[in-house]
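S.K.: Numbering-wise, the sequence shown is residues 32 to 446 according to the working numbering. Following this message is one structure expressed as structure tokens.
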Amino acid sequence: MELLQIASLLIVLAAVFGALNYWFLKLPSAIGILIVALIASLSVMGLDWLWPALGMADQVRGVVTNIAFSEALLEGMLGLLLFAGALHVKLSDLRDQWRLVALMATIGVCLSTVIAGVGFSWLTGMPILIALVFGALISPTDPVAVLGVLRQANLKKSMETKIAGESLFNDGVGYVVFLVLVGIAFPHGDSHGSGLAGAAQLFFQEAVGGALLGIALGYGTYKIMQRIDDFSLEVLITLALAFGGYSLAVFLHVSAPIMAVCAGLLIGDFGSKHAMSDQTQNYVDAFWKLIDEILNAVLFLMIGFEVFAVTFSFEAVQAGLMTIVLALIARLAAVAVPVLLLRPFREFSNGVIPIMTWGGLKGGISVALALSLPENEWKSFILTTTYVVVIFSIIIQGLTVAPLAKRLGREPELM
Numbered sequence: 032m033e034l035l036q037i038a039s040l041l042i043v044l045a046a047v048f049g050a051l052n053y054w055f056l057k058l059p060s061a062i063g064i065l066i067v068a069l070i071a072s073l074s075v076m077g078l079d080w081l082w083p084a085l086g087m088a089d090q091v092r093g094v095v096t097n098i099a100f101s102e103a104l105l106e107g108m109l110g111l112l113l114f115a116g117a118l119h120v121k122l123s124d125l126r127d128q129w130r131l132v133a134l135m136a137t138i139g140v141c142l143s144t145v146i147a148g149v150g151f152s153w154l155t156g157m158p159i160l161i162a163l164v165f166g167a168l169i170s171p172t173d174p175v176a177v178l179g180v181l182r183q184a185n186l187k188k189s190m191e192t193k194i195a196g197e198s199l200f201n202d203g204v205g206y207v208v209f210l211v212l213v214g215i216a217f218p219h220g221d222s223h224g225s226g227l228a229g230a231a232q233l234f235f236q237e238a239v240g241g242a243l244l245g246i247a248l249g250y251g252t253y254k255i256m257q258r259i260d261d262f263s264l265e266v267l268i269t270l271a272l273a274f275g276g277y278s279l280a281v282f283l284h285v286s287a288p289i290m291a292v293c294a295g296l297l298i299g300d301f302g303s304k305h306a307m308s309d310q311t312q313n314y315v316d317a318f319w320k321l322i323d324e325i326l327n328a329v330l331f332l333m334i335g336f337e338v339f340a341v342t343f344s345f346e347a348v349q350a351g352l353m354t355i356v357l358a359l360i361a362r363l364a365a366v367a368v369p370v371l372l373l374r375p376f377r378e379f380s381n382g383v384i385p386i387m388t389w390g391g392l393k394g395g396i397s398v399a400l401a402l403s404l405p406e407n408e409w410k411s412f413i414l415t416t417t418y419v420v421v422i423f424s425i426i427i428q429g430l431t432v433a434p435l436a437k438r439l440g441r442e443p444e445l446m
């Protein structure tokens, strides 16, 4: 299928499944579309099992494989989604929470990677280096999934900033850690990520380079927008920043996710305050909210259909179910350790650890990273396990985090 045909099919299915969710399930939009897509996928598999001559599952599998989920997300949709998410997190709010966000996005991600990786190696007998790669891809919370749920949860502002800010940054850091560990676990002669020295160089280049590029491009765009008062042109300029900046980051081999977050934060704060009229700000906000909603719908639809790319086995599903608990333990450590380190210097509400632990959803990024792994004997096993964890996280955690937050957050929240 051609690119236009694939895009048309995804948009049509997202609209149809969204309508079905609106009429019958009445769940949050993205989660509802995922569940309807899963039901449709499993129904096709069931029909194919009952009447093998139909060959429907093979046809759908061919279409799903042709979409190349990993490339579509990591090299296309992710930049727009991260930029859109960062636009709506104000630096003034993030400034109050930056210590916790920074610790969780660095120490938290590394700690979670080690716990999940070592635990996964113990559970499955997988070589420790490959298991650490799995730990890296399952540790970041997916900002797409997290921000989608936050819109429905009506959390307190400080809690929302903690979760949103941490998910935006730990995604970029987690991706860099994943690249570093892949370079060590699957070395190639030309890989600048091979060896500890190369790994350190790659981490610095990706993380710091991505942040510097995002700040530079965001600031340049901000100065250009200061000299323009045309809402349609300014919307176009922000779109150019998201698309062009992400492509430039990929070309320069720096972290494109971190670039998108830094640029989005700068435009969403300084840009909206000092470079946009009220009319422009309203149009920019509305445009990016619409882009965010559409891409969220398409992404969760694609996650539901990725079941066709997964090779299920009893051992892999069993490992996936056990890994759900392991991932939650790793997430608990990633949240609790930074909070406990900061507790002598500031106060937190009692609910911050359980809410941020349960609200750290895994999503499409973990699936995309698993699909991007080099071919090896463990790839299929890792993909199946990752998919089980992601589906549980989005559906079960995603539908229950709001009630949990309301129950635990009744008391006035402290900084």
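We put the beta carbon where it would ideally sit given N, CA and C, even for glycine.
Within 10 angstroms of the Cβ of residue 92, are there 16 or more other Cβ atoms? Answer buried if so, exposed if not.
M.R.: Residue 92 comes out buried.
S.K.: Which stretch, first to last residue, makes up the alpha helix (DSSP H) that contains residue 417?
M.R.: 410-423
S.K.: Among 60, 38, 54 and 55, which one has its Cα closest to the Cα of residue 430?
M.R.: 60
S.K.: Taking the Cβ atom as the reference point for each residue, do residue 123 and residue 144 lie within a distance shorter than 8 Å?
M.R.: no
S.K.: Is it the case that the Cβ atoms of residue 203 and residue 248 are separated by a distance below 8 Å?
M.R.: no
S.K.: Within its chain, find whatever has a CB closer than 7 Å to the CB of residue 48; leave out the 5 residues flanking it on each side and keep chain order.
M.R.: 64, 67, 68 and 332
S.K.: Which runs of the alpha helix (DSSP H) at least 4 residues long sit entirely within the segment 151-180? Give them in chain order.
M.R.: Taking only runs of at least 4 residues, the alpha helix (DSSP H) segments lying wholly in the segment 151-180 are 159-169.
S.K.: Whose CA, out of 159, 114 and 129, lies closest to the CA of residue 409?
M.R.: 159
S.K.: Where residue 222 and residue 216 are concerned, what is the direct C-alpha to C-alpha distance, given to the nearest angstrom?
M.R.: With a pLDDT of 45 at residue 222, under the threshold of 50, the modelled position of that residue is not reliable, and the figure given next carries that caveat. Distance between the alpha carbons of residue 222 and residue 216: 11 Å.
S.K.: Residues in its own chain within less than 8 Å of residue 112 by CB, not counting five upstream and five downstream?
M.R.: 174, 175, 323, 326, 327 and 330
S.K.: Could you work out which residue in 259, 353 and 348 is closest to residue 310 when comparing CA atoms only?
M.R.: Comparing Cα-Cα distances from residue 310 to each of 259, 353 and 348, the minimum goes to 259.
S.K.: Could you compute how far the alpha carbon of residue 81 sits from the alpha carbon of residue 95?
M.R.: 21 Å
S.K.: Under 8 Å, do residue 415 and residue 347 count as touching if we go by C-beta distance?
M.R.: yes
S.K.: Flag this pair as touching only if the segment 312-319 and the segment 233-241 have three or more C-beta atom pairs under 8 Å; answer yes or no.
M.R.: no
S.K.: Measure the C-alpha to C-alpha separation of residue 168 and residue 359 and round it to an integer number of angstroms.
M.R.: Annotation: residue 168 to residue 359 spans about 14 Å, alpha carbon to alpha carbon.
S.K.: Please report how far the alpha carbon of residue 43 lies from the alpha carbon of residue 335, in whole angstroms.
M.R.: CA-CA distance, residue 43 to residue 335, rounds to 15 Å.
S.K.: Does the contact criterion of 3 or more C-beta pairs under 8 Å hold for the segment 291-298 versus the segment 343-357?
M.R.: no
S.K.: So residue 148 packs on residue 199, CB below 8 Å; how close in whole Å?
M.R.: Their Cβ separation, rounded to whole angstroms, is 23 Å, which puts residue 148 and residue 199 out of contact at 8 Å.
S.K.: Work out the CA separation of residue 388 and residue 432 for me, nearest whole Å.
M.R.: 10 Å
S.K.: Please determine if the segment 70-86 and the segment 282-291 are in contact, where contact requires at least 3 C-beta pairs separated by less than 8 Å.
M.R.: no
S.K.: Whose C-beta lies closer than 6 Å to the C-beta of residue 400 among residues of the same chain, with five residues either side of it excluded?
M.R.: 168 and 209
S.K.: Suppose the cutoff is 8 Å on Cβ atoms and the five residues either side in sequence are ignored; what does the same chain contact list for residue 305 look like?
M.R.: So the list reads 253 and 257, once near-sequence residues are dropped.
S.K.: For residue 354, collect the residues of the same chain with a Cβ closer than 6 Å to its Cβ; drop the 5 residues on either side in sequence, then sort them by chain order.
M.R.: 416 and 420
S.K.: Within the same chain, show all residues whose beta-carbon is closer than 6 Å to that of residue 56, passing over the 5 residues directly before and after it, in chain order.
M.R.: 63
S.K.: Starting from the C-beta of residue 303, find all residues in its chain whose C-beta is less than 7 Å away, skip the five residues before and the five after it, and write them out in chain order.
M.R.: 312
S.K.: Is it buried or exposed, residue 201, if we count other Cβ atoms within 10 angstroms and call 16 or more buried?
M.R.: buried
S.K.: Taking the CB atoms as reference points, tell me whether residue 350 and residue 110 lie closer together than 8 Å.
M.R.: no
S.K.: Where do the N-terminal and C-terminal ends of the alpha helix (DSSP H) with residue 79 fall, by residue?
M.R.: 60-81
S.K.: From the DSSP output, in three-state form, read off residue 223 for me.
M.R.: Caution applies to residue 223, whose pLDDT of 46 falls short of 50 and renders its modelled position unreliable; the value that the coordinates give is listed next. In the structure shown, residue 223 sits in coil (DSSP, three-state: anything other than H, G, I, E or B).
S.K.: Helix, strand or coil for residue 89, going by three-state DSSP, please let me know.
M.R.: helix
S.K.: Helix, strand or coil, according to DSSP, for residue 269 in the structure here?
M.R.: helix
S.K.: Would you please state the rounded distance, in angstroms, between the beta carbons of residue 211 and residue 195? I believe it to be under 8 Å.
M.R.: Not really, about 25 Å apart at Cβ, beyond 8 Å.
S.K.: Between the C-alpha atoms of residue 39 and residue 152, what's the straight-line distance to the nearest angstrom?
M.R.: Take the alpha-carbon of residue 39 and the one of residue 152: they are about 42 Å apart.
S.K.: Give me the Cα-Cα distance between residue 220 and residue 205, rounded to the nearest whole angstrom.
M.R.: The pLDDT assigned to residue 220 is 47, lower than 50, so where the model puts this residue is not dependable; a value taken from the coordinates is nonetheless given after this. The alpha-carbon atoms of residue 220 and residue 205 are separated by roughly 24 Å.
S.K.: Reducing DSSP to helix, strand and coil, say where residue 193 ends up.
M.R.: Looking at residue 193 - three-state DSSP - the assignment turns out to be helix.
S.K.: Can you tell me whether residue 436 is buried or exposed? The criterion is at least 16 other CB atoms within 10 Å of its CB, across all chains shown.
M.R.: buried
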